[in-house]
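Residue numbers (my numbering): 239 to 298.
Contents: one structure, followed by commentary.
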């Protein structure tokens, strides 16, 4: 399970860097940039909630 979480977090981090790089290079506009960041955050949140305890769920 820890390996799966680590792999997903690495994938999300890679996606985050790609989104940032595309925005810096002017390949995406601000609206697309924001949408992509929110999608990454939502995936991270879904994964975190699955693996967190009942107390931690309320934090998200």
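All residues carry an ideal CB built from backbone N, CA and C; glycine is no exception.
Treat the numbers as computed from the prediction; the structure is a model and nothing was measured.
Inter-residue spacing [alpha-carbon to alpha-carbon] between residue i and residue j
i           : j           : result
residue 269 : residue 258 : 13 Å
residue 267 : residue 281 : 22 Å
residue 273 : residue 246 : 19 Å
residue 264 : residue 271 : 10 Å
residue 250 : residue 275 : 10 Å
residue 288 : residue 248 : 17 Å
residue 261 : residue 254 : 11 Å
Three-way DSSP call (helix, strand, coil) for residue i in this model
i           : result
residue 252 : helix
residue 267 : coil
Any chain B beta carbon closer than 9 Å to residue i
i           : result
residue 255 : Among the protein chains of the structure shown there is no chain B, as only one such chain exists.
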